[in-house]
Structure formats: C-alpha cells, structure tokens
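Student: Okay, here's the structure, questions in a sec.
Protein chains in written order, with this note's numbering: chain A, 2 to 296; chain B, 940 to 1166.
Structure, rendered in structure tokens:
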C-alpha cells in the first residue's frame, strides 16, 4: 500500500480517514494540516521515519497490533509519503519548496506502535521522544535532542549536537555525538558505549553484573554516580584533564590480580568496587572525569 | 605443458580462450579440469552479483584512521611536488573513480584483515611503541589531507549553490560542529607532536578524524539534496 500526499490538496480531498479531529496541541495543528493513518501489522513491525523538516517525532506504544501515524504541519510546503510493505512502515516528510522559510517547515509526527517494535528514526532539528517501546532502534538527529524513557533493545543514537537523555533504559546503548551530551538515568543496560567530542556524559545508576560500560568525552565532563551495592572494575584515564575521585572509600585496588597502571602520558585511576563484576572504562582528552557514590 | 603452466596461463590471460596447448593438457588432467571449472564458477557467480554502489568517503577515512591507530598502515614520505606520483596518489585517483571505489575498499578491508591476522597481539604494549612511529604520523597527515580536500570540495559545492536554506539551523549546526571538530583535531595534533606515543591522544585524534569525515559527508549529502 502506498500513497503520496501533498498537503496542499488535503482540504480538497477532505478524506475523513486522513483528517484527525484529535489533540489540537501544536502550532501546526492551528493551521489544520493533519494527516492520520492506521497500518495493521503482525508481530514486531519495523517503523522507519525520515523527517527532513523541523519538528518532533514522538513514539509511544499500545497493545494493539497496529501502527498509528499522526502527522501535523504548518504549511503545504511539506509533503508526507507513507508506505507499508508487510510489517514495515515507512514515513518520510519531504520539503516540497526549497525556498520555504524555516517556520513553514515544521512537521510533527506522533506514532503509536505495538510494544515490540523496531524503530529507525531520522530527523534534523526536532526532538525524538520514544517511550515504552521494546525493540532495536536507530535514532539519528542533527540538532535535535533524543529522549528515551523505558525503552529496551539495542539502542543506537547518533547526533551532531543533539543530546540524549535515556531514562530507565534496558539492553544495549551505543551513543555517538560531536557536541551533544548523554545522560543515562536509572538504567538496566548491560552494554553501554558513549562517545562525544565536546559534550558531557552523566551515568547515574546501577552497573549490571557482567556489564560493559565505556564512556568517553574529548573535552566534556564524564561523571559516574554509582550505588554502594555496585560491583565493577574501574579504569579511568585522561590525557590532559583531571580525574576527580570522590569515591576513594569505595574504590579498592584491583582484586583480580592484574596490575593496571596509567601510561606515562596519561593520568589514570584504576580500582574495584565490590567484586568487580562489571567493567567500567572512562576516558577523556581534556575533560574532567568524576566518580562518586550517589546518596 | 604441466599443471603449473596452465595456472600461469590462466593467471596471465584469463579463462577464455585457453591456448591450444593448455586446452590439450586440461583435457587429460582431472586436477586442471577441476581448477578451470572452479574458476569458471567463480567468474559466473561474480557476473551475477548486482552492481555495487559507491561507498561514502567516510568509509575510507574511517578504515584508514583505524589502520593508522593500530599502526598497521604505513605510508611513504610524501614526495615534493613535481615528483613522480606516489602510490598514494594512485589510490586517490582510484577513489575518484566511482566504479572502482567499492572494489578498492573491499580490497583494503581484506588487506586490513590479513595484516590484522599477522599483527602481533597488542603491539601498543610494546615498549618501543612501534605503532606510534613516524609512519603513523605520516598516515595521520595523509588522512588530514584527504579531509581537507573534501572540505574544499564542500566549500565549492556551497559556493555553487545559493539557497536561503543555507542559513537554517541545520547548516549552522553543521558549521559550528565542524569548527569544534577542527579545533579538537588541532589540539590533539599539537599534543601528539610533543608526545607521539600517547595512545589515548591518538585514539581521540582518530575518532575526531572519523567524526569529521562523517560530518563532511553529511554536509555534502545535504548540499547535494538542496541543489
């Protein structure tokens, strides 16, 4: 099933199936440019969204075996293209008029998907918000932030300057950015890789036993707040920055008999908390690395 | 003619048509029949492969940065202008050809895998710091040159197109982040000039090159789509 829709003709078409009488929250809604589409799916659909306009992509889940897409926009200079092929749903927002002003290029997408859904979302400046979705996901943004809440799976996030806030996430997380930061809060992640050139990194939560955690920032702050029950080996290194160890009371020499030493070019901190079951590697080029136990 | 002669002929001239002497030998030799049949199958299968697309430049830059980081990639000193083209220039030209780019990257990956297998385990731990020698620095310099060339191409693309969208938040974000990466690269390069064996700094420089390559690629894609 495939259809192309230029929103300039939407009022003429007036199809009730496409027009949404729903939430009138956004500025885009004020202009009345809405498009809603339902796609029946089987188990674990794959949803691919490419939003070249400015706007928010919001994804939430429900129990239904159906993907609901609600698009709203501020002008007819954006066209939505939607396609279903089996359990794959593609949604693309295209700019129809390259001379359009930025205010005319706002398009928000609101999706409701089955709980187990794979996502590939790509946007330029708007927020990506995903809540309570289980499945692998790749989320890309240039300047927009990415907020995840209660999601699980293999989560890949790439931004140029957008920041990531990941709350109560589970599974694996791979984040890369140039100037965006990352906050990982109350996670149940078994594998974490965070890299940013100049953004800050905050990890506030438990380290899963046997988990692997790598957090690197070129110029930003790397801060880890662990709990007294955690069990992990720590390796923290910086070339030009500083290591701010506020957890000296909890950090013991490595208990596994391997002698770690920082190279002569770096400042390093090595140790073990608890039995050292997880592995935590922190590094920076010139930023501060801070380790502390949370209250 | 013997089996090794047949192999030599095939290597030099390909499968068809085989010279008379080679055909006569193959007709009587089951080993060579199998050899020729296997090659024919491979060629046939290769012909059925779909046309490949050109890989983005960041693939090469990323691969190169990784090879440099691991101290595998060693490049000769760059000759002065006017000298005979080096193998590197040959590579550069190779990558300009869209048709050959994929094959060349494939070969590099195979070569990298081969070299990786031959690499002693974790040479970075060796006290003499083989991976951080002058060859590594030259390779980094070559990567920087490739990226600078790409940046010039991007500027030319930007000059060629005149769109109001160029002032958008996205373009502004790209420019600011490119500047940030450039500053970070300059910082790392300065540090590595003084401490060439600092592995952590080399890792950050390598990552920064990779990020710059990806950023330039994204900017060029955007320019292309806008104009």
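Where is the CB? At the ideal position from N, CA and C, for every residue including glycine.
Roughly how many angstroms lie between the CA atoms of residue 1000/B and residue 959/B, to the nearest whole one?
Tutor: 47 Å
Student: Is the stretch 81-94 of chain A in contact with the stretch 166-178 of chain A, if contact means three or more CB pairs nearer than 8 Å?
Tutor: The stretch 166-178 of chain A and the stretch 81-94 of chain A do not touch, with fewer than three beta-carbon pairs separated by less than 8 Å.
Student: Hey, which unbroken runs of the beta strand (DSSP E) at 3 residues or more fall wholly within the stretch 201-255 of chain A?
Tutor: As far as the stretch 201-255 of chain A is concerned, its whole beta strand (DSSP E) runs of at least 3 residues are 202-205, 213-218, 223-227, 233-239, 244-246.
Student: Secondary structure at residue 1068/B, three-state DSSP: helix, strand or coil?
Tutor: Legend: pLDDT at residue 1068/B = 37, less than 50; position of this residue unreliable, value from coordinates given subsequently. Three-state DSSP puts residue 1068/B in coil, outside helix and strand.
Student: Residue 1003/B: buried (16+ other C-beta within 10 angstroms of its C-beta) or exposed?
Tutor: The residue is buried, with at least 16 neighbouring Cβ atoms inside 10 Å.
Student: Apart from the five residues just before and just after residue 1161/B, which ones in its own chain have a Cβ nearer than 8 Å to its Cβ?
Tutor: 1109, 1110, 1113
Student: Can you find a C-beta in chain A that's less than 8 Å from the C-beta of residue 1167/B?
Tutor: One cannot answer for residue 1167/B here, as it falls past the ends of chain B, which runs 940 to 1166.
Student: Measuring CA to CA, which of 987/B, 1133/B, 1115/B, 1005/B is closest to residue 1082/B?
Tutor: 1005/B
Student: What whole-angstrom Cβ distance do residue 1170/B and residue 161/A have, given they're in contact under 8 Å?
Tutor: Chain B is shown from 940 up to 1166; residue 1170/B falls before or after that span and cannot be answered.
Student: Would you say residue 957/B lies against chain A (beta-carbon separation less than 8 Å)?
Tutor: no
Student: Give the residues from the stretch 50-71 of chain A that approach chain B closer than 9 Å (Cβ to any Cβ), ordered along the chain.
Tutor: Listed by position along the chain: 53, 55.
Student: What does DSSP give as the partner residue(s) for residue 1158/B in the beta ladder?
Tutor: Looking at the DSSP assignment, residue 1158/B forms no beta bridge with any residue, so it has no partner.
Student: Would you list the residues sitting across from residue 63/A in a DSSP beta bridge?
Tutor: 115/A
Student: Residue 181/A and residue 108/A: beta carbons closer than 8 Å?
Tutor: no
Student: Could you tell me which residues DSSP pairs with residue 167/A in its beta bridges?
Tutor: 149/A, 185/A
Student: Taking the CB atoms as reference points, tell me whether residue 229/A and residue 294/A lie closer together than 8 Å.
Tutor: yes
Student: Give the range of the alpha helix (DSSP H) segment to which residue 1131/B is assigned.
Tutor: 1108-1133
Student: Using Cβ-Cβ distances below 9 Å, what residues of the stretch 88-120 of chain A are close to chain B?
Tutor: When C-beta distances to chain B are compared with 9 Å, the residues of the stretch 88-120 of chain A below that value are 96, 99, 100, 101, 102, 103, 106, in chain order.
Student: Looking at residue 1097/B: is its Cβ nearer than 8 Å to the Cβ of residue 1155/B?
Tutor: no
Student: Would you give the residue range spanned by the alpha helix (DSSP H) that residue 43/A belongs to?
Tutor: Neither: residue 43/A is in no alpha helix (DSSP H) and is coded neither H nor E.
Student: Assuming residue 378/A and residue 1143/B form a contact by the criterion Cβ under 8 Å, report the distance between their Cβ atoms to the nearest whole angstrom.
Tutor: The requested residue 378/A is not part of the displayed model; chain A covers only 2 to 296.
Student: If residue 132/A and residue 61/A are in contact, beta carbons under 8 Å, what's the gap, nearest whole angstrom?
Tutor: About 5 Å separates the beta carbons of residue 132/A and residue 61/A, which is inside the 8 Å limit, making them a contact pair.
Student: Looking only at its own chain, which residues have a Cβ that is under 8 Å from the Cβ of residue 1092/B, when we skip the five neighbours before and after it?
Tutor: 1159
Student: Can you check which of these residues, 233/A, 244/A, 116/A, is closest to residue 224/A by C-alpha distance?
Tutor: Of the candidates 233/A, 244/A, 116/A, the one whose C-alpha sits nearest the C-alpha of residue 224/A is 244/A.
Student: Whether or not the stretch 265-278 of chain A and the stretch 234-252 of chain A are in contact is what I'm after, with contact meaning three or more pairs of Cβ atoms, one per stretch, closer than 8 Å; do they touch?
Tutor: The stretch 234-252 of chain A vs the stretch 265-278 of chain A: in contact.
Student: Are any of the Cβ atoms in chain A nearer than 8 Å to that of residue 1112/B?
Tutor: yes
Student: Residues of the stretch 179-191 of chain A with a CB closer than 7 Å to any CB of chain B: list them in chain order, please.
Tutor: 179, 180
Student: Under the three-state reduction of DSSP, which class applies to residue 83/A: helix, strand or coil?
Tutor: strand
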